[in-house]
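Student: Input: one structure, supplied below.
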């Protein structure tokens, strides 16, 4: 069955975990007179660096020859977006790991400390692997979702919401499982001191030699659990904003994409705030050898943070996280559209 037989809105899991799976049609008006409101797929190209999103255009392509152009456009958008906001991303990780009550660190202080230690270029440490992992993330999410979707299409024709949710969840879970070692490497390279590692392979070798294979899966549990509050909050906020927009009496069609992009950005931000404590614990576990040299557990890290810093300690690094959402989303959106135009799709 071709992709066109399934409503585009059903595939939005690649952009966001839950609201993307709802029915595309919204009918308004009297019983015998309804109009269909459908958001433009252009609105959904957004890469905040936290959740990789496969462009919805990819999921609507019947011509396989054009598929790589959409994927390339999305990958390029993610690469430029992540590179442009890399200093904020490194500041976030730096503050998550090193900021505390006794060593309080604000955004400017964190940036200043990094520049003093390694120079201006050190603000982009860890960006290489952050960009490098875009390709496998795209490939895994797209292939798993397609396999599940095709199976459900053979069984039900147009899969119901529950099965679309299952397909998307499997795609996300599989991707996060296989990508976790790269996440650990990214955290270590982001926090590395000048001269600590010769490069990506040297970092991986040192981790395997000194800490074993299990170290590459540190932070896996909080990473997976963090999907739940992120998805639920993001869905609730997006649905609330969508209902508000519809109740205002305006057509959902938004040629500029500004309203849609703003709604998606705000809902994503709220989702990140809801899951942030688990994100911080994941980062602390991945960087634990850098900090204490112990073998941490999720519960142990939670208890240590609460005992030493209280509840505010679970939100260290939130400022750069929030500051990078809007520029990251804007950059990825603009670059994606420019790449599509350049490639003629």
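Numbering (my numbering), first residue to last: 13 to 357. No residue lacks a Cβ here, since even glycine has one placed at the ideal position from N, Cα and C.
Going along the chain, which residues of its own chain have a beta-carbon closer than 7 angstroms to the beta-carbon of residue 256, five neighbours each way excluded?
Tutor: Result list for residue 256: empty, nothing under 7 angstroms.
Student: According to the neighbour-count rule (16 or more other Cβ atoms, all chains shown, within 10 Å of its Cβ), is residue 10 buried or exposed?
Tutor: Absent from the model: residue 10. The displayed extent of the chain is 13 to 357, so no value can be given.
Student: Exposed or buried, what is residue 231 when buried is set at 16 or more other beta-carbons lying within 10 Å of its beta-carbon?
Tutor: When all chains shown are included, residue 231 counts as buried.
Student: What is the rounded straight-line gap between the Cα of residue 323 and the Cα of residue 332?
Tutor: Those two C-alpha atoms are separated by around 19 angstroms.
Student: Might you give, ordered along the chain, the residues of its own chain that have their beta carbon closer than 7 angstroms to the beta carbon of residue 45, omitting 5 neighbours on each side?
Tutor: Low confidence applies here, because residue 45 scores a pLDDT of 37, under 50, leaving its location unreliable; read the following figure in that light. Taken in chain order, the list of residues that qualify is empty.
Student: Confirm, please, whether the CB-CB distance from residue 216 to residue 197 is below 8 angstroms.
Tutor: Their beta carbons are under 8 angstroms apart, which means residue 197 touches residue 216 by this criterion.
Student: Considering only the alpha carbon of each residue, which of 298, 350, 90, 288 lies closest to residue 334?
Tutor: Considering only alpha carbons, the answer is 288.
Student: How big is the Cα-Cα spacing for residue 121 and residue 297?
Tutor: Near 23 angstroms, if we compare the C-alpha coordinates of residue 297 and residue 121.
Student: Just to confirm my understanding: we take residue 249, look at its own chain, exclude 5 residues before and 5 after, and list those with CB closer than 6 angstroms. What are they?
Tutor: Once the five neighbours on either side are set aside, the close Cβ partners of residue 249 are 279, 282.
Student: Within the same chain, show all residues whose beta-carbon is closer than 6 angstroms to that of residue 107, passing over the 5 residues directly before and after it, in chain order.
Tutor: 117, 122, 328, 329, listed in sequence order.
Student: Quick one, are the C-beta atoms of residue 313 and residue 337 less than 8 angstroms apart?
Tutor: No.
Student: Taking the beta carbon of residue 129 as the centre, do at least 16 other beta carbons fall within 10 Å, making it buried, or is it exposed?
Tutor: The residue in question, residue 129, is exposed, as its Cβ has fewer than 16 Cβ neighbours within 10 Å.
Student: For residue 321, report the span of its alpha helix (DSSP H) as first-last.
Tutor: Taken as a continuous stretch (DSSP letters only), the alpha helix (DSSP H) holding residue 321 covers 310-321.
Student: Measure the beta-carbon distance from residue 199 to residue 105 and round it to whole angstroms, keeping in mind my assumption that it falls under 8 angstroms.
Tutor: So it is a contact: roughly 6 angstroms between Cβ atoms.
Student: Quick one: give me the first and last residue of the alpha helix (DSSP H) that residue 344 is part of.
Tutor: Element bounds for residue 344: 330-355.
Student: Going by beta-carbon coordinates alone, are residue 193 and residue 150 separated by less than 8 angstroms?
Tutor: Not in contact: residue 193 and residue 150 (Cβ atoms no closer than 8 angstroms).
Student: Give the secondary structure of residue 299 by DSSP, where H, G and I count as helix, E and B as strand, and everything else as coil.
Tutor: In the structure shown, residue 299 sits in coil (DSSP, three-state: anything other than H, G, I, E or B).
Student: Taking the alpha-carbon positions, what's the residue 138 to residue 284 distance?
Tutor: One C-alpha to the other measures close to 21 angstroms.
Student: I'd like the list of long-range same chain contacts for residue 237, defined as Cβ closer than 7 angstroms, with 5 residues on each side in sequence excluded.
Tutor: Within the same chain, residue 237 has close Cβ partners 290.
Student: When DSSP labels each residue in this structure, what does residue 279 get in the three-state scheme?
Tutor: The answer is helix: DSSP assigns residue 279 an H, G or I state.
Student: Taking only three categories from DSSP, how would you classify residue 38?
Tutor: Note that residue 38 scores a pLDDT of 34, beneath 50, so its modelled location is shaky and nothing firm can be said.
Student: If you follow the alpha helix (DSSP H) that residue 218 is part of, which residue opens it and which one closes it?
Tutor: From DSSP, the alpha helix (DSSP H) with residue 218 extends over 212-223.
Student: Starting from the C-beta of residue 299, find all residues in its chain whose C-beta is less than 6 angstroms away, skip the five residues before and the five after it, and write them out in chain order.
Tutor: These residues qualify, in order along the chain: 109, 199, 203.
Student: Return the first residue and the last residue of the alpha helix (DSSP H) that residue 117 is part of.
Tutor: No alpha helix (DSSP H) holds residue 117; DSSP gives it neither H nor E.
Student: Quick one: give me the first and last residue of the alpha helix (DSSP H) that residue 228 is part of.
Tutor: Taken as a continuous stretch (DSSP letters only), residue 228 belongs to no alpha helix (DSSP H), as it is neither H nor E.
Student: Out of curiosity, what's the CA-to-CA distance linking residue 113 and residue 214?
Tutor: Approximately 34 angstroms, taken between the alpha carbons.
Student: Could you check the C-alpha separation between residue 208 and residue 190 for me, to the nearest Å?
Tutor: Looking at the two C-alpha atoms, the distance is approximately 26 angstroms.
Student: Is residue 159 helix, strand or coil by DSSP?
Tutor: Of the three classes helix, strand and coil, the one that applies to residue 159 here is helix, per DSSP.
Student: Need the endpoints of the alpha helix (DSSP H) that residue 108 sits in, please.
Tutor: Where residue 108 is concerned, the enclosing alpha helix (DSSP H) stretches over 98-110.
Student: Short check: CB of residue 180 to CB of residue 154, under 8 angstroms?
Tutor: Not closer than 8 angstroms, so no.
Student: What I want to know is whether the C-beta of residue 253 ends up closer than 7 angstroms to one or more non-hydrogen atoms of the ligand MG.
Tutor: With respect to the ligand MG, the structure shown offers nothing to examine, as it has no ligands at all.
Student: Report buried or exposed for residue 224, applying the criterion of at least 16 other Cβ atoms within 10 angstroms of its Cβ.
Tutor: Exposed is the call here.
Student: Which value, in whole angstroms, describes the spacing of the CA atoms of residue 124 and residue 99?
Tutor: Cα to Cα, residue 124 sits roughly 11 angstroms from residue 99.
Student: Under the three-state reduction of DSSP, which class applies to residue 208: helix, strand or coil?
Tutor: Here residue 208 sits in coil by DSSP.
Student: With a 10 Å radius around its C-beta and 16 neighbouring C-beta atoms as the bar for buried, classify residue 85 as buried or exposed.
Tutor: By the 10 Å Cβ count, residue 85 comes out buried.
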